[in-house]
Amino acid sequence: MSATPPAPLGPDWKPWGERLVSYMTRVRSQLVTFDAGDKATDDGIFVWSRAGYPVVSKGGEYKQVVVEGGYAQLKRTATQTAGSTNTAYGVAWDAIAFGEGITLDASDSTKVVFAEGGKFVLSLSAQLKSNSSASKSIWMWPRLNGTDVAGSTLKASITSSDDDVAVCRTTILQVTAGQYLQAMFAVSDVTLLLNAPATESFAPSSPAVTLSITRFMQ
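When we follow the working numbering, the leftmost residue of the sequence shown carries the number 4, and every step to the right adds one.
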């Protein structure tokens with residue numbers, strides 16, 4: 004480990020004892036920094052990684068301990084429609100109500116910007132509404148830094164008029180610091196809406212789309 008107590012010098016132990024007490028006062032509430040080559044020989048050794056996170060030994064290796072930061076909940080509280088069929092659009096989010104390390108791009112509310120990299124759990128839910136009797140479909144998927152994430156599309160279909168359908172999807176995404184995420188959607192018929200149901204006398208209103216983001220690993 005990188006922290007080393009003062010070694011005794013000469014026959015007089017008093018100065019060494021004073022230095023040791025001073026040392027213990029300085030470091031007693033601090034984690035020792037993990038150095039390259041340090042071995043996780045026992046479980047439960049708690050140290051500080053030079054990457055900027057606490058880590059704990061388990062099963063012969065050091066594992067990151069997740070600290071606060073890198074989370075957000077986003078909502079689209081108004082109904083959103085597509086201007087054209089079979090065309091990709093980004094969900095335009097409201098201002099982030101709460102979160103840390105995740106913000107909206109100042110000039111484009113479809114872009115969710117990550118201050119810190121890592122692995123994130125993304126949970127998306129959407130309220131769909133059909134305004135015509137024709138059969139119609141919606142596709143939703145994540146786009147990271149302008150590139151569609153392969154194998155990630157959620158597809159749902161509605162076959163009748165005035166139907167309300169809720170869809171959801173949870174996935175894990177690796178993100179680099181500074182990258183942005185967009186929740187994209189496309190429809191086969193513009194009468195299929197991302198719908199925000201109004202308040203009822205017995206129930207509160209509902210957002211059209213909700214996205215929860217949580218970082219779980221650096």
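All C-beta atoms in this analysis are idealised placements derived from N, C-alpha and C, irrespective of residue type, glycine included.
Practice problem: Give me the Cα-Cα distance between Gln182 and Gln221, rounded to the nearest whole angstrom. | Solution: About 15 Å.
Quiz item: Which one of Phe117, Tyr65, Thr90, Thr36 has the shortest CA to CA distance from Gly222?
Solution: With the chain represented from 4 up to 221, any question about residue 222 goes unanswered, as that position is not in the structure.
Exercise. Check each candidate in Asn89, Ser164, Val50, Gln185 and name the one with the smallest Cα separation from Thr36.
Key: Nearest option by C-alpha distance: Val50.
Quiz item: Applying the criterion that 16 or more other CB atoms from any shown protein chain within 10 Å of the CB defines a buried residue, is Ile175 buried or exposed?
Solution: Ile175 is exposed by the Cβ-count criterion.
Quiz item: Using the C-alpha atoms, what's the distance from Ala137 back to Gly102?
Solution: So the alpha carbons of these two residues sit roughly 40 Å apart.
Practice problem: Quick one: using the 10 Å Cβ neighbour count with 16 as the cut-off for buried, is Pro18 buried or exposed? | Solution: Counting Cβ neighbours within 10 Å, Pro18 comes out exposed, since fewer than 16 surround it.
Quiz item: Thinking C-beta only, is Ser191 closer than 8 Å to Lys139?
Solution: Cβ distance < 8 Å, so Lys139 and Ser191 count as in contact.
Exercise. For Ser60, I'd like the list of residues in its chain whose CB is within less than 6 Å of its CB, leaving aside the five on either flank, ordered along the chain.
Key: These residues qualify, in order along the chain: Ala43, Asp46, Ile48.
Quiz item: Using a Cβ-Cβ cut-off of 6 Å (strictly less than) and excluding sequence neighbours within five positions of Met4, which residues of its own chain qualify?
Solution: With a pLDDT of 46 at Met4, under the threshold of 50, the predicted position of this residue should be treated as unreliable, though the coordinate-derived value follows. Short of 6 Å from the beta carbon of Met4, and not among the five residues preceding or following it, lie these beta carbons of its own chain, in chain order: Val35.
Quiz item: Considering only residues of the same chain and omitting the five flanking positions on each side of Gln177, which have a CB-CB separation below 7 Å?
Solution: Lys122.
Quiz prompt | Close beta carbons around Ser164, own chain, < 8 Å, minus the five adjacent residues each side | solution = Excluding residues within five positions, the ones whose Cβ falls inside 8 Å are Ser133, Asn134, Ser135, Ser136.
Quiz item: Looking at Ala159 and Val168, is the spacing between their C-beta atoms short of 8 Å?
Solution: Yes.
Quiz prompt | Simplified DSSP assignment, three categories, for Val24 | solution = DSSP places Val24 in helix when its eight states are reduced to three.
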